Amino acid sequence: MGDLNCMNGKKIKHSLTLQYTGTILGLVAGTVLLCWFLNNTFLEGYYIYNKQDAMLEGFATINAESEKGTLDSMGFDEGFEKICENGNISILIMSSDGSVIRASVNDTESLKVQFMDVLFADSNEVLDKANNYVLEKQVGSRHKSEYLVLWGTLADGNFVMMRTALESIRESADLSNRLLSYIGILAVILSAAISIFASRKIAEPILELTEISRRMTNLDFNAKYISKGENEIDQLGEHINQMSQTLERTISELKSANNELQIDIEKKNRIDEMRRDFLSNVSHELKTPLALIQGYAEGLRECINEDEESRDFYCEVIMDEADKMNRMVKKLLTLNQLEFGNETVTMERFDLTELIQGVIASSSILLKQNGISLTFNTDIPVYVWADEFKVEEVMTNYLSNAIHHTEFEKRIDIKYTQMEDYVRVSVFNTGKQIPAEDIGNIWIKFYKVDKARTREYGGNGIGLSIVKAIMDSFHRDCGVINHADGVEFWFELDTKNN
0 MGDLNCMNGK KIKHSLTLQY TGTILGLVAG TVLLCWFLNN TFLEGYYIYN KQDAMLEGFA
60 TINAESEKGT LDSMGFDEGF EKICENGNIS ILIMSSDGSV IRASVNDTES LKVQFMDVLF
120 ADSNEVLDKA NNYVLEKQVG SRHKSEYLVL WGTLADGNFV MMRTALESIR ESADLSNRLL
180 SYIGILAVIL SAAISIFASR KIAEPILELT EISRRMTNLD FNAKYISKGE NEIDQLGEHI
240 NQMSQTLERT ISELKSANNE LQIDIEKKNR IDEMRRDFLS NVSHELKTPL ALIQGYAEGL
300 RECINEDEES RDFYCEVIMD EADKMNRMVK KLLTLNQLEF GNETVTMERF DLTELIQGVI
360 ASSSILLKQN GISLTFNTDI PVYVWADEFK VEEVMTNYLS NAIHHTEFEK RIDIKYTQME
420 DYVRVSVFNT GKQIPAEDIG NIWIKFYKVD KARTREYGGN GIGLSIVKAI MDSFHRDCGV
480 INHADGVEFW FELDTKNN
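The sequence shown begins at 0 in numbering that gives the first Met the number 0 and counts up one residue at a time.
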């Protein structure tokens, strides 16, 4: 019954079973009540009306026999008994001198007394009257019982009196109404059981179709209606199955087309955005070195300073700025290949400790020039799975970034944090923290937290973008953490070949 009252967590206000059952019960109960009302209102009157007809027909039969002079003949015995028994009528036929010609009972004297009692009663209601008879409703003086009484004169001059009790009619009407009530209650109970059973048989496939349609609204097309092909509901279920298959196929095609379109749109937007950013940032980054190159080249051409030392200085500036431009272009090409997946990633197993020691050795001159102390106290081999040359570029970018931003104690610490399946490499340098609002942007190419200082050492904001692109190609993480006395950059590499 719970399935009938609730669907998808939402209570059904007008259950089909309840409506169907209520309709059947209403019809049956209404019919029974109507019959009971009609019986209770008109049955007694209808019985009395029939009794009147029976008494009038009996009087007509007796009067006809009196005309023929056969009232006391044996040939009328059967007809007389039939009138009395069929109508439950007491009959007394007397001559003018008071002698009994025929009577419905043997105790004629008692019957005479009863008739006299009725005839001389005070409350008589005339129901029908003719020249030779009177039909009345009377109340007996003794027991206050109501009777239908017909008395009159026959064609041969004899008297006839006919009487039937109305109490038996009322009892019959009451019994009929009582029986109808019992039958009505039984009919209501049976109709309720049958209608519930029938409505469930009808509602179950409809509820199944409702559940299937609900699942279809949530794009769940696995539910199918099992059709027996017997009626219209089964045909509806087959059509819903066909519609489900068609919708599933159509939606699948639309999703595939939409997914491809979305990928194309995203790719186009990304390319457009990268093109705009590239042009804007490259033009900005190239503007200063180009201006310097142009200015010093013009100075050389116009021989502003003719001494050899000045010319060498001009040439060094031009060469230095050209070298910066060359390095930036190479980095941009590398980043572009990484971002578009054109760069081949060769996964191999190598000793990370050896690689880091090599990067430190390459940067030893810069460390000495800047008075920086570097700590890396690990000689134990740590083998990882990655592209060795790209990891070297990550480590070089981190160490270069740390060298150019080291302040205060001028200390750089490189360490491992060994995990179960991977190792984390951290490069910490003492110095100023990265502002919280800039931490999320430092991986964006050409983004510079301190533009003046970056310009000092020739940085262009591409190094960390290359780091992020390389780590994305490894499907590994990298990040940055602010400490009280400096900044820690980290990246992670797999130690197991999963």
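Think of the CB as a built atom: it goes at the ideal place given N, C-alpha and C, for glycine as much as any other residue.
Computed from a predicted structure; not experimentally measured.
Reference N428, options E145, K409, R214 and G478, closest by Cα: K409
Local conformation of N503 per DSSP, three classes: Look at the range of the chain in this structure, 0 to 497, and you will see that residue 503 is not part of it.
Beta-carbon proximity list for E491, same chain, < 6 Å, skipping 5 on both sides: Y421, R423, R475 and D476
At least 3 beta-carbon pairs within less than 8 Å: the stretch 26 to 37 vs the stretch 56 to 66: no
Uninterrupted alpha helix (DSSP H) stretches inside the stretch 23 to 111 (no shorter than 4 residues): 43 to 67 and 76 to 86
Three-state secondary structure (DSSP) of N257: helix
Per-residue burial, C83 [other beta carbons within 10 Å of its own, 16 or more giving buried]: buried
K111 beta carbon less than 7 Å from that of E124: no
Residue environment, R499, which counts as buried when at least 16 other CB atoms sit within 10 Å: As shown, the chain starts at 0 and ends at 497. That puts residue 499 outside it, with no answer to give.
C-beta atoms of S103 and S89 nearer than 7 Å: yes
Among E252, Y146 and I413, nearest to N87 - alpha-carbon criterion: Y146
Three-state secondary structure (DSSP) of L149: strand
Presumed contact (8 Å Cβ cut-off) between E391 and E347, rounded CB distance: With a Cβ gap of about 13 Å, E391 and E347 do not count as contacting.
G485 and G430 closer than 7 Å at C-beta: yes
At least 3 beta-carbon pairs within less than 8 Å: the stretch 405 to 419 vs the stretch 375 to 382: yes
Contact check, L126 vs L149, beta carbons under 7 Å: no
F114 to G44 span [Cα, whole Å]: 23 Å
Bridge partners - T429, DSSP secondary structure assignment: G485
The beta strand (DSSP E) enclosing K495, as first and last residue numbers: Here K495 belongs to no beta strand (DSSP E), and DSSP marks it neither H nor E.
Range of the contiguous beta strand (DSSP E) that encloses K223: Here K223 belongs to no beta strand (DSSP E), and DSSP marks it neither H nor E.
Pair within 7 Å by beta-carbon distance, M73 and M161: no
8 Å CB neighbourhood of N396 in its chain, flanking five on each side removed: G462, L463, I465 and V466
G25 versus I188 - alpha carbon distance: 12 Å
Reduced DSSP category for M242 - H, G, I as helix; E, B as strand; rest coil: helix
Buried/exposed call for M242, threshold 16 Cβ in 10 Å: exposed
Cα-Cα separation between I402 and F473, rounded to whole angstroms: 26 Å
Sequence-distant residues of the same chain with beta carbon closer than 8 Å to I182, five excluded per side: V31
Contact set for K266: own chain, Cβ-Cβ below 6 Å, skip 5 residues either direction: none
Continuous beta strand (DSSP E) stretch holding T352: start and end: No beta strand (DSSP E) contains T352, which is instead part of the alpha helix (DSSP H) from L351 to S361.
Buried or exposed by the 16-neighbour rule on C-beta atoms within 10 Å, applied to T132: The residue you asked about is not Thr; residue 132 is Tyr in the sequence shown. Under this definition Y132 is a buried residue.
Start-to-end residues for the alpha helix (DSSP H) that takes in M394: E387 to H404
Euclidean distance between Cα positions of A164 and S171: 12 Å
Whether E487 touches S399 by CB criterion (7 Å): no
Where D476 sits in the DSSP three-state scheme: coil
When I232, I211, N85 and W35 are compared against I184, the one with the closest alpha-carbon: W35
Residues near N481 in its chain [Cβ-Cβ closer than 7 Å; skip 5 each side]: Q432 and I433
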